[in-house]
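Everything on this sheet refers to the single structure shown next.
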Amino acid sequence: MLAMKKQTQPTQEENSKASSAVVEHFLSLYPFAEISILGDFNVYHQLWLSSPFTDLPSELAFSFAILHYLEQLVQHSTLIHDRVGDMLDILDFFLTSYPFVYAITLFSPLGSSDHNFISVSCPISPAPPQDPTKRKCLRHFVSAN
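Start counting at 1 in the sequence shown, then tack on 22, and there's your number in my numbering.
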């Protein structure tokens, strides 16, 4: 777990740089690791998310996804609007470096939430059974020559 504390509110650029640094450090340790980032990002991007406009946080999020080869899997509006004529917005992300293993399903909001419930499923294969004829041998040596 990584915890960072700053006395002042970080800027959007500082948050983006810090997130990139964490991902880059993790990938330097585990180069073939899967990266998945999810959450309510509340960003608006015309081309990427079909929003009515593009703002700075969305540009930073888009650049972050491109830089780290992440694909946004949520493709439908996640915000439930209370006014007729409001744009349908994708505000919730599931960014991943392995998009082909996940299935995304949207459901009605839970409780009083104004966001759809997002279900992410990923098939997990059980570990293959070990051959009982191959036994591991563990030896303890008190001393060696």
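Every residue gets a Cβ at the ideal spot worked out from N, C-alpha and C, and that includes glycine.
Proximity below 8 Å, CB of residue i to CB of residue j
{"i": "S119", "j": "L89", "result": "no"}
{"i": "L117", "j": "L92", "result": "yes"}
{"i": "I140", "j": "T100", "result": "yes"}
{"i": "F54", "j": "W70", "result": "no"}
Residue i classed as buried or exposed, judged by whether at least 16 other C-beta atoms fall within 10 angstroms
{"i": "I112", "result": "buried"}
{"i": "D114", "result": "buried"}
{"i": "V123", "result": "exposed"}
{"i": "C159", "result": "Caution applies to C159, whose pLDDT of 48 falls short of 50 and renders its modelled position unreliable; the model cannot decide the point."}
{"i": "Y66", "result": "buried"}
{"i": "Q97", "result": "exposed"}
For residue i, the nearest candidate out of the options (CA to CA)
{"i": "E46", "options": "F86, Q68 and L60", "result": "F86"}
{"i": "I57", "options": "L49, F63 and H137", "result": "L49"}
{"i": "D62", "options": "C144, D136 and S143", "result": "D136"}
{"i": "S143", "options": "Y52, T127, F54 and P131", "result": "T127"}
{"i": "L95", "options": "P145, S130, P121 and F54", "result": "P121"}
Own chain, CB closer than 8 Å to residue i, minus 5 neighbours either side, in chain order
{"i": "Q34", "result": "L78, P79 and L82"}
{"i": "Q68", "result": "P74, F75 and T76"}
{"i": "L132", "result": "F139"}
{"i": "P145", "result": "V123"}
Bridge-paired residues (DSSP) for residue i
{"i": "A125", "result": "S143"}
{"i": "Q97", "result": "The partner list for Q97 (beta bridge, DSSP) is empty, contrary to what the question assumes."}
{"i": "F116", "result": "L60"}
7 Å Cβ shell around residue i - same chain, five flanking residues per side excluded
{"i": "S38", "result": "L82 and F86"}
{"i": "F129", "result": "N138, F139 and S141"}
{"i": "A125", "result": "S143"}
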